[in-house]
Structures are given as structure tokens and as C-alpha cells.
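Take 1 as the starting number for the sequence shown in full-length UniProt numbering and just add one per residue.
Glycine included, every Cβ here is placed at the ideal spot set by N, Cα and C.
Owing to the predicted nature of the structure, the values given are computational and were not obtained by experimental measurement.
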Amino acid sequence: MASLVLTDSSQLTSDSQHLGSYQPSHELMLRFYAYFKQASEGPCTAARPAFWEVVKKMKWDAWNKLGNMPREEAMNNYVEELKKVSKIGYYGYLLA
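Take a look at the structure:
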């Protein structure tokens, strides 16, 4: 199944070169980070970063929020988010 995911994402990458300078939101980047960490390492077991480490804390919160989500589900969610992004055009709206 993992090879299927990699094949799909590499195809999406080559198909989405038309995106130009598209910049995803911080929330979307955190979702990608959380799904990646869940898929590659499993549930978050690290201690929560200190309050002054704002970026690390936001990443930890996003990953920890996934709880015990299975790795396969995290992989699938990552690819589904990537599919959504690949449909967003240069001007930030969905393409037909």
C-alpha cells in the first residue's frame, strides 16, 4: 500500500507543476506535517515543547491531535490533501 501512495504522490507532483507560486496556509502545512509524522513514526510520544517554542509547539499539537490514527490512514489523508492542493490554480481557486 505504501508504494501505491508514493506512486500516487509522485504523479501528483509532476501533474501539479502548473501551481506556480502557490503558497499553502499555515494550517494546511501543519496538517501535512502531522500526517507525515503519524505515517512515518506513529502516534506522538514526545513531550510537549516549552511555551516559548511556538512553532515546535504548534507542530506537536497538530501531530498529537491525530491520537492513535493508523499509519495507513495518515498516508491516505496526506495524499487526499495533496490531491486537493493539486486542484488549486495559480490564483488560489479550484480548477475544474
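Rounded distance between the beta-carbons of residue j and residue i, thought under 8 Å
i     : j     : result
Leu28 : Lys59 : Incorrect: roughly 13 Å between the Cβ atoms, too far for contact.
Trp63 : Tyr33 : 7 Å
Pro43 : Asn68 : 5 Å
Cut-off 6 Å between Cβ atoms - residues of its own chain near residue i, not counting five sequence neighbours on either side
i     : result
Lys84 : none
Ala74 : Tyr35, Gln38, Ala39
Residue i versus the options, residue with shortest Cα-Cα distance
i     : options                    : result
Glu72 : Tyr22, Thr45, Lys37        : Lys37
Glu41 : Glu81, Pro70, Leu82, Val79 : Pro70
Beta-carbon proximity list for residue i, same chain, < 8 Å, skipping 5 on both sides
i     : result
Lys65 : Ala34
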